[in-house]
Amino acid sequence: MTDTYIEKHDREIINKTLQQFSDFLDLQKKRLEADPLNLISQKKIMEQLHITAPTLYEWEKMGLKKFKAPEGRKVWYLKEDVLAFLEEGGK
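Here it is in structure tokens:
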């Protein structure tokens with residue numbers, strides 16, 4: 369009887385974990401579909417991180433890569449690059 373309970377309990381935990389993982393993957397898929405390039409604008413990054421343009425310029429000098437269309441003025445950053453930059457402390 370104990371073995372059956374443990375097996376049932378283990379299956380429940382496994383099923384719950386699989387469902388959570390499936391939900392996570394669905395969320396990531398929706399995010400990717402909504403923003404396939406995974407970019408954030410200069411304006412948006414300043415708003416979300418509460419930083420100024422000079423701070424962002426300093427980050428660029430420290431290695432944060434920016435993207436800009438050849439004739440455009442708007443600057444974009446890859447979200448992964450920003451997160452990696454912040455995790456590494458600007459190194």
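Just add 368 to wherever you are in the sequence shown, counting from 1, and you've got my numbering.
C-beta atoms are modelled at their ideal positions from N, C-alpha and C, and glycine is treated no differently.
None of these values were measured; they are calculated from a predicted model.
Query	Result
Look at the Cβ atom of S409, then the Cβ atom of K442, and state whether they are nearer than 9 Å.	yes
Which same chain residues, not among the five before or five after K436, have their C-beta less than 6 Å away from its C-beta?	V443
Run through the region 389-435 for me and flag every whole alpha helix (DSSP H) of 4 or more residues, listed as ranges in chain order.	410-417 and 421-429
Let me know if Y373 comes out buried or exposed under the rule of 16 or more other beta-carbons within 10 Å of its beta-carbon.	exposed
If L395 and I413 are in contact, beta carbons under 8 Å, what's the gap, nearest whole angstrom?	Contact doesn't hold; Cβ gap of about 22 Å is too wide.
Give every residue of the same chain whose Cβ lies closer than 8 Å to the Cβ of L407, excluding the five residues on either side of it in the sequence, and list them in chain order.	F435, W444, Y445, L446 and K447
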